[in-house]
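Trainee: Just so we're aligned: the sequence shown equals residues 394 to 468 in the working numbering.
Positions of the beta carbon are idealized from the N, C-alpha and C atoms, including for glycine.
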Amino acid sequence: MHAADQDQMILIGVLSDRSGPAPDDDAFLTRVAAVSGTASCGSDAAEDGRRVWSLLDTRPRRAPGGASTVPPGRD
């Protein structure tokens, strides 16, 4: 696994030494995309293995009406 951050976004990449897509790759990516804060995600496969990645947005969320969902003093 590799993690990197920039501009209040976190990129998480997971590497596998098995080639070809995982049997349930589409179902897995659907679950990853449903995680709160996921800006995008994807996967690719090559002869030397697979990569799955997710880009997470760490900026504080705003509730309807503009109120922060972050506890006071934490945003």
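Kindly indicate which residue of Val425, Leu448, Ala420 and Ser409 has the alpha-carbon position closest to the one of alanine 432.
Mentor: Taking the first residue of the sequence shown as position 1, residue 432 is located at position 39. When only C-alpha atoms are compared, the closest one is Leu448.
Trainee: Tell me the rounded alpha-carbon separation between aspartate 410 and glycine 435.
Mentor: Numbered from its first residue, the sequence shown carries residue 410 at position 17. Numbered from its first residue, the sequence shown carries residue 435 at position 42. Each residue's Cα considered, the two are about 17 angstroms apart.
Trainee: In the DSSP assignment, find the beta strand (DSSP E) that holds aspartate 398 and state where it starts and stops.
Mentor: In the sequence shown, residue 398 corresponds to position 5, counting from 1. Residues 395 to 399.
Trainee: What residues in its chain sit with their C-beta under 7 angstroms from that of arginine 452, if we drop five residues either side in the sequence?
Mentor: The residue you call residue 452 lines up with position 59 of the sequence shown. The answer, listed in chain order, is Gln401.
Trainee: Hey, could you find the ends of the alpha helix (DSSP H) aspartate 418 is sitting in?
Mentor: Residue 418 sits at position 25 when you count from the first residue of the sequence shown. From DSSP, the alpha helix (DSSP H) with aspartate 418 extends over 418 to 426.
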